[in-house]
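Okay, so here's the structure we're looking at.
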Amino acid sequence: MDIELISKKELLEATGISYGQLYRWKRKQLIPEEWFIRKSAYTGQETFFPRALMLARIDKIVNMKDDLSLDELADRLTGQQAGIEMRKREFAALQLVSEMVMKRWGDWDNEECMFGFQDMLYLYTVDALLKAGEISMEEGDTLMSVLRNHYVSFKGMPCELVLIRRQGVASFALVSASAELYFDSAVKVATRVVMADQIEKLKEYLA
Amino acid sequence: MMRQEQQSWPGGLPNLRMNGVIRAAGGFYDNVLVDGVGRVSGDVHAATAARVNGVLTVEGSMETPELKADGKLSIEGALKSGILHGNGIVKTGSHVTADSVKLSGILKAGGNVEAELLHLNGAITVQGLLNAGEIELGLSHVESRAHEIGGETIRVRRISSNSWKWLWKWAIPGSETRLVAGVIEGDDIQLEYTHADIVRGQRVTIGKGCKIGRVEYREQLTRHPGSEIGKEERIYG
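Order-wise, the sequence lines are chains A and B. Residue numbers for the first sequence follow the numbering used here, so the first one is 90 and each next one is one higher. Residue numbers for the second sequence follow the numbering used here, so the first one is 158 and each next one is one higher.
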């Protein structure tokens, strides 16, 4: 369940950007520090990036940099999620999550009450797993309580959601990003969700 | 001779003025002005500017839009400043973030250094990554070190060694005036008296006194006969 990596050299070849641009974007925090993964290679130390995330990010920066300044771009891409809030009614109208999910877990009394970004993130994540057929509604309850109780402990640091099954019984865990986990052979890792990806996707829909 | 003044502006922040030998508390100030020997406990924020003449030790981090330091400034935490200009020694325990750094003397950072522009004459020691748009290093006296250097333009040269060189050599044996780095990556790279494992860039000039393990370049490589390159490779991409 390793994340596919791309070396810095490959990345520059694939995207046609220069070292200078890469360092500039890093300074402007368009590319998060955690994506710079240092590993030793035969030529000495090399830097690697999570392939899919990095290619998507570079593509976005290259396409948007003509219209926006780098600072605006930084806000757009990595801006504080805390600022994003929405009324329940507005969020439901976007139809990002199914009605069923909204009913079961988004059950605040008032249609006008505000959803914080995290509330929306939890709903969105549970909904995504349900839609993918990874979990049942009952397991959704467990997942929801895991997210509500423990996601905040990461204080915005990157983390991943791991779903394991032992003889069909599901357990959820939140672990810090790129942590390596090993289980006994009876345990099957059903899915691993990078929370940063969910945040990205959700932000894009909300923007 | 001790005087610490905290003037309060109506509705604004106080100034921190330190004259003589003094210890003050950190916090939020409008201006921070130090003449003499000072010590600040905790983090200090200046809303307008900070000016240090003499010796200042900050037992925490420092944040200011403008910092002028003449003398010795030691910061145990991180330094965040728009402009950092000065003469003398600036030492931090953690990261340095600035727009523009212009310094004659020594910069020692316990973490990374990030700036849009970094002009330094003297010596620099960076434990982590030195990342700046325009890096110009004029090496003199002691050895400079950086774990990694990255940026758009990177220019390293040795400024004419002065007549006191023999004294430095005697005082700090084994210390040549040069830059030692692990990896140097940039668009335009011009180096002199640099020892590096890997140099990667678009246009690379390896000048005299250089010892580079491996050079990877895209467009152009110019090398001085008095330099040593282990392996050179042109990358097409």
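Glycine included, each C-beta is placed from N, C-alpha and C at the ideal position.
- A distance of 7 Å or more separates the beta carbons of B/Gly234 and B/Gly245.
- Taking A/Ala279 as the centre and dropping the five residues before and after it, the same chain places the C-beta of Glu223, Leu252, Ile253, Arg254, Ala259 closer than 8 Å to its C-beta, in chain order.
- Not a single C-beta of chain A is nearer than 7 Å to the C-beta of B/Gln347.
- Sixteen is the threshold: when 16 or more other Cβ atoms of the shown chains lie within 10 Å of the Cβ of B/Leu294, as they do, the residue is buried.
- Among the bridge pairs identified by DSSP, B/Val178 is matched with B/Val194.
- In this structure, A/Leu100 and A/Met143 form a Cβ contact; the two beta carbons are roughly 6 Å apart against a cut-off of 8 Å.
- Considering only beta carbons, no part of the segment 138 to 152 of chain A lies closer than 9 Å to chain B.
- For A/Arg178, the three-state secondary structure derived from DSSP is helix.
- Under the three-state reduction of DSSP output, A/Gln184 falls in the coil class, being neither helix nor strand.
- Put simply, the backbone Cα of B/Val212 is about 17 Å away from that of B/Asn188.
- Under the Cβ criterion of 7 Å, B/Glu385 is not counted among the residues facing chain A.
- When beta bridges are read from the DSSP output, A/Pro139 appears opposite A/Leu94.
- Considering only beta carbons, the part of the segment 103 to 133 of chain A lying closer than 7 Å to chain B consists of Ser107, Tyr108, Gly109, Tyr112, Arg113, Lys115, Arg116, Thr132, Gly133, in chain order.
- Separation of A/Lys149 and A/Leu119 (C-alpha to C-alpha, rounded to the nearest whole angstrom) is 10 Å.
- Note: A/Met203 is bridge-paired with A/Arg176 in the DSSP secondary-structure output.
- Put simply, the backbone Cα of B/Leu286 is about 45 Å away from that of A/Ala181.
- B/Ser231: member of the beta strand (DSSP E) spanning 219 to 232, first to last residue.
- Boundaries of the alpha helix (DSSP H) around A/Ile288: 284 to 295.
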